[in-house]
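Input: a single structure, listed below in structure tokens.
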Amino acid sequence: DINPEKAVGEALDLAHGASYLDNIDIRAEGFEGIEDADVVVITAGRGRQPGESRIDLARGNIAVLEEILDAIRPHYRGAVVVVVSNPVDILTYVAMRRLPAPHTKIIGAGTALDSSRFRYLLGREFGIDPRSIHAYVVGEHGDSAVPVWSMANLGQIPVTRYAPPGGSPLDEAARDRIHRAVVTAGREVIQRKGATFYAVSLSVARIVEAVLHDEKSLITVSSYIERLGEVSDVCLSLPAVLGREGIREVLPIALDETERRQLAESAKALRKMLRELGY
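What follows is the structure, given as structure tokens:
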């Protein structure tokens, strides 16, 4: 933390509950503490202020991130780096460019949370455990995020065809409503309580768990995409296989025509912002 005393306080607050956990060591350290780390998680940054543009938020948080990366670089020994700060796709790209690491070791939290929100909303709509729903959100973690309806399934049943007891399949209006709810979910929480904490923490913990345990699990995270249609050189979210070395593979995903267009637009928006930011 930029405030060392706060970092010590947070570590102590967690450590005081250590007797209820597995045998772990919780402590606050300087950047030298990452030398033997397997995973480094970067959450530093500030939230968007009222009336502030996304580009201004990006500039401010890029400055914070660049300072952190410069401090990390002398101590970096090949850990997987997980970027959480927003705009996460932009900052993941900056980390990928500035750290001496294979791009497969730089992961953005991306749409892991959006995908969880998508499943939650579908589960609530159908009255079904969201863990039984396989559905992903791809592209930008932001306004141009793309829920992949064409591949969303409940068991082997496409969610677009599923009709709950006494109900009917989701029509276009219902799908649009859920799409908007996915994209605006974070803003709704922020308006009500000032910031998001818990769901994003669960999403990041899931990413770290997949890496540390070499799970080879499929999670939608932001990573470097050399080329996507007409757009190249961006970071955005697609389903990726995660293991100890970071991103083992980004899976090709079969989208319908509308989703392909939306994903291309998402990639173009990210590349445009990167250009405006000097990347």
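The number in my numbering is simply the position in the sequence shown, starting from 1, with 1 added.
Heads up, the beta-carbon is just placed ideally off N, CA and C, and yes, glycines get one too.
Your pair residue 109 and residue 223 checks out as a contact, with CB atoms roughly 3 Å apart and the cut at 8 Å.
In this structure residue 43 is in contact with residue 69, their Cβ atoms being roughly 6 Å apart against a cut-off of 8 Å. Look at residue 244 here: in three-state DSSP terms it is strand. When secondary structure is reduced to three states using DSSP, residue 234 falls in the strand class. Counting C-beta pairs with one atom in each stretch, the stretch 227 to 246 and the stretch 92 to 109 have three or more that are closer than 8 Å, which means they touch. Using a Cβ distance threshold of 8 Å, residue 149 and residue 137 count as a contacting pair. Taking 8 Å as the cut-off, the Cβ atoms of residue 66 and residue 92 count as close. Three or more beta-carbon pairs separated by less than 8 Å link the stretch 203 to 213 to the stretch 108 to 128, which places the two stretches in contact. Taking the C-beta atoms as reference points, residue 85 is found nearer than 8 Å to residue 201.
The three-state reading of DSSP puts residue 25 in coil, since its state is none of H, G, I, E or B. Residue 5 carries a helical assignment under DSSP once its states are collapsed to helix, strand and coil. In this structure, the beta-carbon distance from residue 264 to residue 256 falls below 8 Å.
When secondary structure is reduced to three states using DSSP, residue 262 falls in the helix class. Shown here, residue 135 sits in a strand according to DSSP, grouped into three states. Nearest in C-alpha terms to residue 124, of all of 95, 232, 156 and 30, is 156.
Look at residue 221 here: in three-state DSSP terms it is strand.
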